[in-house]
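Below is one structure, written out as structure tokens; the observations come after it.
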Amino acid sequence: MKLALISDIHSNLEALTAALEAVERFKPDELICLGDIVGYGADPGECIELVRNHTSRVIMGNHDAAVANLLQPENNFNDYALTAIHWTRSVLSDDHRDYLKTLPLEILFDDLHLVHGTPGNPGSFDYVLTTYDAEVQFTNIKGSNCFIGHTHRPGIYMERDPVDKTQPKRIINIGSVGQPRDGDPRLCFALYETKTEEVEFIRVEYDIETAATKIRTAGLPALLAERLGRGG
61 MKLALISDIH
71 SNLEALTAAL
81 EAVERFKPDE
91 LICLGDIVGY
101 GADPGECIEL
111 VRNHTSRVIM
121 GNHDAAVANL
131 LQPENNFNDY
141 ALTAIHWTRS
151 VLSDDHRDYL
161 KTLPLEILFD
171 DLHLVHGTPG
181 NPGSFDYVLT
191 TYDAEVQFTN
201 IKGSNCFIGH
211 THRPGIYMER
221 DPVDKTQPKR
231 IINIGSVGQP
241 RDGDPRLCFA
251 LYETKTEEVE
261 FIRVEYDIET
271 AATKIRTAGL
281 PALLAERLGR
291 GG
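In this note's numbering, the protein residues as written are 61 to 292.
Put into structure tokens, the structure is as follows:
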């Protein structure tokens, strides 16, 4: 079975539309979203609708939780993110906010563990940023492979010395569709083949200028527009 996985869309309609078009060319059996549909960008409602209509499984991200009033944003976000969260709350419909509230913090299926941040405590929305962070989390993985987002940086961490001496577990960060932070402004998503366990990262260009202009027009912080072109 071939899976396509997207994450950290952050209300970037231009990026999400381009990602969905690219995903379609690969003909996956499922499209999965690992959270943060909203936040930062100017089209939260439109992005929620596309995710709801095109994906088979969706995880809750920290921005989704904050917009849905399930997480106190004042204690968990910088000023730029906080401004975007309050703005997003103000423009979303009740239906969209209710949808965000229903999203699970983790999904387990086919020997895979899907979370937004870390497998150990998905609701804490902690980060896997280093090899040490990954080593701490390997024992918390329920399955062979854990797919995450949250950092906006694609990469794969592999267990060095499996406790049970079986196949090493992996933490696979699929990167960000709507706000990459690895120095490459192109959107990023991942393909995964369950039979071979092969992972492929896909990068696609999209209309960054339109997405950035929308952010400025909405009155959101200019930094949120500027960073799209930098990829960080």
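Note that CB positions come from ideal geometry on N, CA and C, so glycine has one too.
Item	Value
Chain-order list of residues whose beta-carbon lies under 8 Å from that of T211 (same chain, five-residue window excluded)	Y187, V188, L189, N233 and R241
Cβ-Cβ distance between G121 and G209 below 8 Å	yes
Proximity to Y100 [Cα-Cα], best of L91, C248, A64 and P281	P281
Residue of E90, N136 and T148 minimising C-alpha distance to G279	T148
Status (buried if at least 16 other CB within 10 Å, exposed otherwise) for T256	exposed
Residues near A82 in its chain [Cβ-Cβ closer than 7 Å; skip 5 each side]	I262 and V264
Terminal residues of the beta strand (DSSP E) in which V259 lies	E258 to V264
Three-state class that DSSP yields for G215 in the structure shown	strand
Residues that DSSP places opposite L251 in a beta bridge	A64 and E260
Q239, buried or exposed, once every other Cβ within 10 Å from all chains shown has been counted against 16	buried
Sequence-distant residues of its chain with Cβ nearer than 7 Å to I140 (five each side left out)	The amino acid occupying residue 140 in the given sequence is Tyr; Ile does not appear at that position. Once the five neighbours on either side are set aside, the close Cβ partners of Y140 are P281, L283 and L284.
Distance between R246 and K202 (C-alpha atoms, nearest Å)	31 Å
Residue closest to I275, alpha-carbon to alpha-carbon, out of E109, K87 and V98	V98
Assigned exposure category for P228 - 16 Cβ within 10 Å defines buried	exposed
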